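Asks: Per the numbering used here: the sequence shown = residues 3 to 204.
Backbone N, C-alpha and C define an ideal beta-carbon position, used for all residues, glycine too.
Just so you know, these numbers come straight off a predicted model, no measurement behind them.
Got a structure for you, written out below as structure tokens; questions coming shortly.
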Amino acid sequence: MTSDEILAKYGELGKDIREVLITEEQIRQKVVELGEQISRDYAGKNPVLVGVLKGVLFLMADLLRVITIPNEVDFLAVASYSAEARQRGMVRLIKDLEIPIDGRHVLFVEDVIDTGLTLGYLLRNLRDRNPASLEVCVLFNKPAHRLIDIPLKYKGFDLPDRFVVGYGLDYNERYRNLPFIGLLKPDVLKGKGKSEKTPPLF
Ligand code: IMP
Ligand code: MG
């Protein structure tokens, strides 16, 4: 299918997309590669995969299905604050893990890392619980605005300094269900929901 045909299939949502940056097939291949690496590295370790709701939903579901070793999965949820608030270390957990991770091998699975502030806070929080190991797997890495150096053991794609949607990533809660990564048209980003959160960059 051409890019136009794919967008046409998504009707109202597809109309808002300016360009497909990463296709469904490219994402699928990358997730399979990551799953193979993780299955090799964590064999015999029964890792706990931890994700932050809701953006990681699609990555977690697809990654789990290509991981071939025993594992457990758990989720955190955080309240979203402004970038300024996050910079002061303000991240509020609104849902904690249900699995105790003391002595466990923890793999933090993230859909996208931009500044790294949210993830930096969460990693400190998890490290305090004394896991046997703590590593990060990120599918979409946006290095342009990184404020905190976070070692990424497993990395999918480096993204340009643009606001993207799809594969779990939203703009005002919309577009998560698109199976590809796309750029929104500028009028979509400017026009909608002035009182709602606006993307940092586009
Ligand atoms: P960080 O603390 O700046 O790394 O923020 C990461 C969070 O910002 C992610 O978990 C997403 O919720 C959001 N985010 C960052 N970049 C994008 C994007 O391009 N599209 C959608 N959400 C994004
Ligand atoms: Mg996230």
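Can you have a look at Glu-7 and say buried or exposed, based on whether 16 or more other CB atoms are within 10 angstroms of its CB?
Replies: Taking the first residue of the sequence shown as 1, we reach residue 7 at position 5. Exposed.
Asks: Can you name the start and end residues of the alpha helix (DSSP H) that Asp-160 belongs to?
Replies: To locate residue 160, count along the sequence shown from 1; it is residue 158. Taken as a continuous stretch (DSSP letters only), Asp-160 belongs to no alpha helix (DSSP H), being part of the beta strand (DSSP E) at 156 to 160.
Asks: Quick check on Arg-1: does DSSP put it in helix, strand or coil?
Replies: A question about residue 1 goes unanswered here, because the residues of the chain that appear run from 3 up to 204.
Asks: Measuring straight from C-alpha to C-alpha, what distance separates Asp-104 and Leu-136?
Replies: Taking the sequence shown and counting its residues from 1, one reaches residue 104 at position 102. Taking the sequence shown and counting its residues from 1, one reaches residue 136 at position 134. Answer to the nearest angstrom: the Cα atoms are 11 Å apart.
Asks: Would you decide whether Gly-46 is buried or exposed? Buried here means 16 or more other CB atoms lie within 10 Å of its CB.
Replies: For this step, residue 46 is matched to residue 44 along the sequence shown. By the 10 Å Cβ count, Gly-46 comes out exposed.
Asks: Since Asn-143 is in the beta strand (DSSP E), which residue starts that stretch and which ends it?
Replies: One-based indexing of the sequence shown puts residue 143 at position 141. Note, Asn-143: beta strand (DSSP E), 135 to 143.
Asks: Quick check: Gly-158 and Val-111, are their CB atoms within less than 8 Å of each other?
Replies: In the sequence shown, the residue the question calls residue 158 occupies position 156. In the sequence shown, the residue the question calls residue 111 occupies position 109. Taking 8 Å as the Cβ cut-off, Gly-158 and Val-111 do not qualify as a contacting pair.
Asks: When you compare only the Cα positions, how much space is there between Thr-117 and Pro-72?
Replies: Walking along the sequence shown from the start, residue 117 turns up at place 115. Walking along the sequence shown from the start, residue 72 turns up at place 70. For Thr-117 and Pro-72, the distance between alpha carbons rounds to 32 Å.
Asks: In angstroms, rounded to a whole number, what distance separates the CA positions of Phe-77 and Glu-100?
Replies: Locating residue 77 in the sequence shown gives position 75, where the first residue counts as 1. Locating residue 100 in the sequence shown gives position 98, where the first residue counts as 1. So the alpha carbons of these two residues sit roughly 8 Å apart.
Asks: Is Gly-158 a contact residue of the ligand IMP, with contact defined as CB to any heavy atom under 7 Å?
Replies: On the sequence shown, residue 158 is found 156 positions in, with the first residue counted as 1. Flag unset: Cβ of Gly-158 not near the ligand IMP.
Asks: Quick check on Glu-112: does DSSP put it in helix, strand or coil?
Replies: In the sequence shown, residue 112 corresponds to position 110, counting from 1. Taken through DSSP and simplified to helix, strand or coil, Glu-112 comes out as strand.
Asks: Examine the ligand IMP and report whether any of its heavy atoms sits within less than 7 Å of the Cβ of Gly-105.
Replies: Here residue 105 refers to the residue found at position 103 when the sequence shown is read from its first residue. For the ligand IMP, not one heavy atom lies less than 7 Å from the Cβ of Gly-105.
Asks: Let me check understanding here. Comparing Cα to Cα, which of Gln-89, Val-114, Leu-161, Tyr-83 lies closest to Val-138?
Replies: Start at 1 with the first residue of the sequence shown, and residue 138 comes out as number 136. Measuring from the Cα of Val-138, the nearest candidate turns out to be Val-114.
Asks: Which term fits Thr-120, buried or exposed, when burial requires 16 or more other beta carbons within 10 angstroms of its beta carbon?
Replies: Numbered from its first residue, the sequence shown carries residue 120 at position 118. With 16 or more Cβ atoms within 10 Å of its Cβ, Thr-120 is classed as buried.
Asks: Apart from the five residues just before and just after Leu-59, which ones in its own chain have a Cβ nearer than 6 Å to its Cβ?
Replies: Reading the sequence shown from its first residue, position 57 is the one you call residue 59. Within the same chain, Leu-59 has close Cβ partners Gly-170.
Asks: Does the beta-carbon of Ile-96, which I'm using as the reference point, lie nearer than 7 Å to any heavy atom of the ligand IMP?
Replies: The residue you call residue 96 lines up with position 94 of the sequence shown. No, the Cβ of Ile-96 stays beyond 7 Å of every heavy atom of the ligand IMP.
Asks: Within 10 angstroms of its Cβ, does Asp-98 collect 16 or more other Cβ (buried), or is it exposed?
Replies: Position 96 of the sequence shown holds residue 98. Asp-98 is exposed by the Cβ-count criterion.
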